[in-house]
Amino acid sequence: MPYIIMKTGAHTNNDAIERLIYYMYTSAYYNSGGTCMVFDCNIESIINSFVMVQNHFGKADRKRIQHIVIGFSKSEFITDYEACMIGMSALQYIGSRFQCCFVVHHGSINEPDYIHIHIAVNPVSWVDGNRYYECNQNLIELKEVLDKQTGEMYQWHYKMDASDSYETEQDELE
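Encoded structure:
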């Protein structure tokens with residue numbers, strides 16, 4: 001069963017955005033990805049876009065980035081392409097109000113065949129400066145979007161999962 005996992009934690013350190021984005025795009029497991037409402041799809045542009053919106057709305061003093069992981073078990077036999085399409089659906093939904101990007105990773109330290117999607121969300125809306133909060137309602141809404149896209153193919157589950165402040169080694173972000 002696939003899981004939508006919202007990584008919880010303060011993530012208020014000034015380099016939290018940079019650490020997560022760099023990890024997502026420079027990991028040895030990187031396969032593909034996409035962006036929404038950022039200047040360009042290179043690492044520096046994504047980081048600068050997130051920071052610019054936070055500074056514009058005067059909200060660079062709290063949570064700097066939201067991290068969501070969508071993971072699939074081996075029994076789901078998902079392809080990298082299918083994972084990319086699911087990532088695009090999540091991106092289009094979240095991106096209607098919040099800058100975001102996603103990458104598909106094929107493998108992890110502990111599971112070489114683990115296909116999963118990392119989504120980085122600017123928690124400050126580019127539309128009005130409102131915040132994207134860690135809450136079950138946001139996970140439920142994302143689950144509903146993915147249900148519509150995938151039909152009965154997957155039985156989506158969701159959960160909150162504590163994470164560090166992204167001040168540790170990159171491999172701990174998995």
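Take 1 as the starting number for the sequence shown in my numbering and just add one per residue.
Quick reminder that beta carbons are idealized off the backbone N, C-alpha and C, glycines included.
Bear in mind that the values here come from a model prediction, so they are computed numbers and not experimental data.
Cβ neighbours of residue 36 in the same chain (closer than 6 Å, five flanking residues each side left out): Along the sequence shown, one-based indexing puts residue 36 at 36. Result list for residue 36: 91, 95 and 100, in chain order.
Bounding residues of the beta strand (DSSP E) (the contiguous stretch that carries residue 42): Numbered from its first residue, the sequence shown carries residue 42 at position 42. Element bounds for residue 42: n/a, residue is neither H nor E.
Residues near residue 171 by beta carbon distance below 7 Å, same chain, minus five either side: Locating residue 171 in the sequence shown gives position 171, where the first residue counts as 1. Its pLDDT being 42, under 50, residue 171 is placed unreliably by the model, and the measurement read from it follows with that caveat. Correct list, in chain order: 109.
Considering just the uninterrupted stretch of the alpha helix (DSSP H) at residue 148, what are its terminal residues? Residue numbering aside, residue 148 sits at position 148 when the sequence shown is read from its first letter. Start and end: 136-150.
Helix, strand or coil, according to DSSP, for residue 107 in the structure here? As a first step, residue 107 must be located in the sequence shown, where it is residue number 107. Here residue 107 sits in coil by DSSP.
Cutting at 7 Å between CB atoms, please list the residues of its own chain near residue 55, excluding the five before and the five after it. What you label residue 55 is simply residue 55 of the sequence shown in a count that begins at 1. Cβ neighbours of residue 55 beyond the five flanking positions: none.
Under a Cβ-count criterion, where at least 16 other Cβ atoms within 10 Å of its own Cβ denotes burial, should residue 152 be classed as buried or exposed? Residue mapping note: residue 152 aligns to position 152 of the sequence shown, counting from 1. It is exposed - the Cβ of residue 152 has fewer than 16 other Cβ atoms within 10 Å.
Is residue 102 helix, strand or coil when you go by DSSP? Here the question's residue 102 lines up with position 102 in the sequence shown. Here residue 102 sits in strand by DSSP.
Which residues does DSSP list as the beta-bridge partners of residue 34? One-based indexing of the sequence shown puts residue 34 at position 34. Note: residue 34 sits in a beta bridge opposite 102.
Taking the beta strand (DSSP E) that residue 6 falls in, what are its first and last residues? Indexing the sequence shown from 1 puts residue 6 at position 6. Where residue 6 is concerned, the enclosing beta strand (DSSP E) stretches over 3-8.
Inspect the CB distances between the segment 3-23 and the segment 63-81 and report whether three or more fall short of 8 Å. yes
What separation, rounded to the nearest whole angstrom, lies between the Cα atoms of residue 17 and residue 60? Stepping through the sequence shown from its first residue, residue 17 is reached at position 17. Stepping through the sequence shown from its first residue, residue 60 is reached at position 60. Cα-Cα distance, rounded: 11 Å.
Beta-carbon separation (whole angstroms), residue 148 vs residue 158, contact threshold 8 Å: As a position in the sequence shown, residue 148 is number 148, starting the count at 1. As a position in the sequence shown, residue 158 is number 158, starting the count at 1. No, residue 148 and residue 158 are not in contact; Cβ-Cβ is about 15 Å, not under 8 Å.
Residue from 87, 163 and 3 whose Cα sits closest to the Cα of residue 76: Here residue 76 is taken as the residue at index 76 of the sequence shown, counted from 1. Nearest C-alpha to residue 76: 3.
Just to check my reading of the structure: residue 53 and residue 46 have Cβ atoms closer than 8 Å, yes? What is that Cβ distance to the nearest angstrom? By one-based count along the sequence shown, residue 53 stands at place 53. By one-based count along the sequence shown, residue 46 stands at place 46. In fact, because the Cβ distance is near 11 Å, the residues do not count as touching under 8 Å.
If you compare alpha carbons, which of 51, 26 and 97 is closest to residue 127? Counted from its first residue, the sequence shown places residue 127 at position 127. Measuring from the Cα of residue 127, the nearest candidate turns out to be 97.
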